[in-house]
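Below is one structure, written out as structure tokens, with a few remarks after it.
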DNA sequence: GAATGTATGTTGAAATTTCAACAGAAGGTG
DNA sequence: CACCTTCTGTTGAAATTTCAACATACATTC
């Protein structure tokens, strides 16, 4: 666990908690660490929404799959980021999405009630943690809003550009890598992979962007 | 204001606050009531995201509009529901959406910081309010997730059915009215109005649903 | 009650996406 | 190095959506 202290420190859930208090804090919350290998699910759609996860190592995705196996990717969750918190905090009975590891990962699982309900010994950190959780859940709304912004667009081209422009803004650079391969990007944008590839080629030919694998570079502002 | 006390009581933001304390509470939070007429914006995309609104009377929509005037409806906010809370709690500088009244409405505006940051006189209600806010923001995530579920579908038919089945589940009935007319429903589903009308007719002919204006009745489970 | 405006349904053509299939590139393995 | 697998790009046909235009129903206003 100690090896991941730097990750814990970076997670906004523990903002304002002093390093030396982190141990007690974790004891109070009662977390446990698990390992998941690439492709394995941490939570499955329909599972009880009681726990919050934090990515200590690796990365996971929020995904939804329908009858026919069509995969939809809702969000990418990287190191020091949380997942499941919104559903647990909302008191939802069953998870509407699955969480799947995209690489071999380590995850810290915490019972959400022990975070959001003040503990019996009313530890001093607790109100701070609740406040931090509020910010994090609110931030997850922004992540969802991003996805809505993208999928609200009608064409593959607009979806892609909306996503790329957002990424550029987030990274504060016109040159960046994305956490998705082509199929995953298609599953995030909700379009066909083949059509997406074709559109990327077209944008390249038109001199609007350069790309190589999952690295993109936007050459002009807008459109 | 007194006339809206019953609305305030119904809003989960004030869960656990006794009726007789509501007045003090509101003073502490410092809310003010405004009237907005149909079609008018309460907040505009780009506005500072500092305030939370509650619908006392009427209804509003979260909308986003692009250069070309294509309207996208993100959510319908009815009586006793909040808006803007996620963006304010996330500490976002500018709102990424607009809030527009869909009928003549009355709205209670509150400064979000005065809700989420404990006040100097540390009023007893405050920690409860923060906890309530956490639940509400988490719940807004579910509203967003609904929208994502709908717009993740590829065809007009699937989008419509996903929306209608969700509504039926929420209302706990196969017979329900929706808060949208055809154009608004199209703007929520992110499809063409004409194509949506055609699809509804088709579903009617196939005996899958009945509809009359904004009232729908699902005749079979699934598909 | 005539005129006007709004909402909804219908339709055919144009544009776009999806689907299926294949080819080349890159990486790992025996 | 041959073999296998995975990823990406390409392409043409089929399916679907968008677009534009119009018809109808209904409510409102003068």
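Residue numbers (this note's numbering), protein chains in the order written: chain A, 949 to 1171; chain B, 949 to 1171.
Note that beta-carbon positions come from the ideal geometry of N, C-alpha and C, so glycine has one too.
All values derive from a computational prediction rather than experimental measurement.
Worksheet item: Taking the alpha carbon of residue 1093 of chain A as the point to measure from, which residue in B/982, B/1000, B/1027, B/1021 has its own alpha carbon closest?
Response: Closest option to residue 1093 of chain A, Cα to Cα, is B/1021.
Worksheet item: Does the segment 1038 to 1053 of chain A come close enough to the segment 1084 to 1102 of chain B to have 3 or more Cβ pairs within less than 8 Å?
Response: With contact defined as three or more Cβ pairs closer than 8 Å, the segment 1038 to 1053 of chain A and the segment 1084 to 1102 of chain B are in contact.
Worksheet item: Can you tell me where the alpha helix (DSSP H) with residue 1039 of chain B in it begins and where it stops?
Response: In the DSSP assignment, residue 1039 of chain B falls outside any alpha helix (DSSP H), carrying neither H nor E.
Worksheet item: beta strand (DSSP E) containing residue 982 of chain B: first to last residue?
Response: It spans 980 to 984 - the beta strand (DSSP E) in which residue 982 of chain B sits, taken as one unbroken run.
Fill in: is_contact[residue 1008 of chain B, chain A] using C-beta, thresh 8 Å
Not one chain A Cβ lies under 8 Å of residue 1008 of chain B.
Worksheet item: In chain order, which continuous runs of the beta strand (DSSP E) of length 3 or greater are located wholly inside the segment 1078 to 1154 of chain B?
Response: Within the segment 1078 to 1154 of chain B, the complete beta strand (DSSP E) runs of at least 3 residues are 1123 to 1125.
Discussion item. For residue 1028 of chain A, which residues in the same chain have their Cβ closer than 6 Å to its Cβ, ignoring the five residues on either side in sequence?
Written reply: Only residues of its own chain outside the window of five on either side were considered, and among them 955, 958, 959 have a CB closer than 6 Å to the CB of residue 1028 of chain A, listed in chain order.
Discussion item. Between residue 1073 of chain A and chain B, is any beta-carbon pair separated by less than 8 Å?
Written reply: Not an interface residue.
Discussion item. Does the structure place the segment 1134 to 1148 of chain B close enough to the segment 1048 to 1067 of chain A that three or more beta carbon pairs sit under 8 Å?
Written reply: Judged by Cβ distances under 8 Å, the segment 1048 to 1067 of chain A makes no contact with the segment 1134 to 1148 of chain B, as fewer than three pairs qualify.
Worksheet item: Near residue 1114 of chain A, which residues of its chain fall below 8 Å by C-beta distance, leaving aside the five closest residues on each side in sequence?
Response: Only 1094, 1097, 1098 meet the Cβ criterion.
Item to complete: Go through its chain and collect everything with a Cβ distance to residue 1162 of chain A's Cβ below 7 Å, but skip five positions before and after it.
Response: So the list reads 1125, 1126, 1128, 1129, once near-sequence residues are dropped.
Item to complete: Starting from the beta carbon of residue 1037 of chain A, find every residue of chain B whose beta carbon is closer than 9 Å, and list them in chain order.
Response: Chain B residues near residue 1037 of chain A: 1082, 1083, 1085, 1086, 1087, 1089.
Worksheet item: So, are the CB atoms of residue 1036 of chain B and residue 999 of chain B less than 8 Å apart?
Response: Taking 8 Å as the cut-off, the beta carbon of residue 1036 of chain B is found closer than this to the beta carbon of residue 999 of chain B.
Worksheet item: Would you say residue 1108 of chain B and residue 1082 of chain B are within 8 Å of each other, going by their C-beta atoms?
Response: No, the pair does not count as a contact, with Cβ atoms beyond the cut-off.
Discussion item. Here's the rule I'm using: 16 or more other beta-carbon atoms within 10 Å means buried, otherwise exposed. How should residue 972 of chain B be labelled?
Written reply: So residue 972 of chain B counts as exposed.
Worksheet item: residue 1104 of chain A to residue 1013 of chain B, Cα distance in whole Å?
Response: Cα to Cα, residue 1104 of chain A sits roughly 18 Å from residue 1013 of chain B.
Discussion item. Could you compute how far the alpha carbon of residue 986 of chain A sits from the alpha carbon of residue 1007 of chain A?
Written reply: Using only the alpha carbons, I get a separation of about 9 Å.
Worksheet item: Looking only at C-alpha atoms, which of B/1003, B/993, B/1123, B/1110 sits nearest to residue 1133 of chain B?
Response: Considering only alpha carbons, the answer is B/1110.
Worksheet item: Which whole-angstrom value describes the C-beta separation of residue 1086 of chain A and residue 1038 of chain B, a residue pair presumed to lie in contact below a C-beta threshold of 8 Å?
Response: Their Cβ separation, rounded to whole angstroms, is 4 Å, which keeps residue 1086 of chain A and residue 1038 of chain B in contact under 8 Å.
Discussion item. Rounded to the nearest angstrom, what separates residue 1118 of chain A and residue 1151 of chain B at their Cα positions?
Written reply: Here the C-alpha atom of residue 1118 of chain A lies approximately 42 Å from the C-alpha atom of residue 1151 of chain B.
Item to complete: Taking C-beta pairs closer than 8 Å, name the residues in chain A that residue 1079 of chain B reaches, listed in chain order.
Response: Contact of residue 1079 of chain B with chain A by beta-carbon distance below 8 Å involves 1064, 1078.
Fill in: Assigned secondary structure, residue 1059 of chain B (DSSP; H/G/I helix, E/B strand, else coil)
Looking at residue 1059 of chain B - three-state DSSP - the assignment turns out to be strand.
Discussion item. With a threshold of 6 Å on Cβ separation, who are the neighbours of residue 1171 of chain A within its own chain once the five nearest residues in sequence on each side are excluded?
Written reply: Residue placement at residue 1171 of chain A is poorly supported in this model, since its pLDDT is 39, which falls under 50; the coordinates still yield a value, given next. Exclusion of the five residues before and after residue 1171 of chain A leaves no residue of its chain whose Cβ lies closer than 6 Å to its Cβ.
Discussion item. I'd like to know whether the C-beta atoms of residue 994 of chain B and residue 1032 of chain B end up nearer to each other than 8 Å.
Written reply: The answer is no: Cβ separation not under 8 Å.
Worksheet item: When DSSP labels each residue in this structure, what does residue 1190 of chain B get in the three-state scheme?
Response: Since the first and last residues shown for chain B are 949 and 1171, residue 1190 of chain B lies out of range.
Practice prompt. State yes or no: is the beta carbon of residue 1022 of chain A nearer than 8 Å to at least one beta carbon in chain B?
Written response: Yes, residue 1022 of chain A counts as interfacial toward chain B.
Practice prompt. Run down chain A in chain order and give the residues with a C-beta less than 9 Å from the C-beta of residue 1153 of chain B.
Written response: Residues of chain A with a Cβ closer than 9 Å to the Cβ of residue 1153 of chain B do not exist, since the nearest Cβ in that chain sits about 24 Å away.
Worksheet entry | residue 1023 of chain B: first and last residue of the uninterrupted beta strand (DSSP E) it sits in | Where residue 1023 of chain B is concerned, the enclosing beta strand (DSSP E) starts and stops at 1019 to 1025.
Worksheet item: Can you tell me whether residue 981 of chain A is buried or exposed, with buried defined as 16 or more other CB within 10 angstroms of its CB?
Response: Of the residues assessed, residue 981 of chain A falls on the exposed side of the cut-off, its CB having fewer than 16 other CB atoms within 10 angstroms.
Fill in: Any C-beta of chain B under 8 Å from that of residue 1095 of chain A
Contacts with chain B at 8 Å (Cβ-Cβ) include residue 1095 of chain A.
Fill in: Presumed contact (8 Å Cβ cut-off) between residue 1004 of chain B and residue 1065 of chain B, rounded CB distance
Actually they are not in contact, since the Cβ atoms of residue 1004 of chain B and residue 1065 of chain B sit about 24 Å apart, beyond 8 Å.
Worksheet item: With a CB to CB cut of under 7 Å and the five nearest residues on each side skipped, what residues in its chain are close to residue 992 of chain B?
Response: Within the same chain, 1046 come within 7 Å of residue 992 of chain B by CB-CB distance, once the 5 residues on both sides are set aside.
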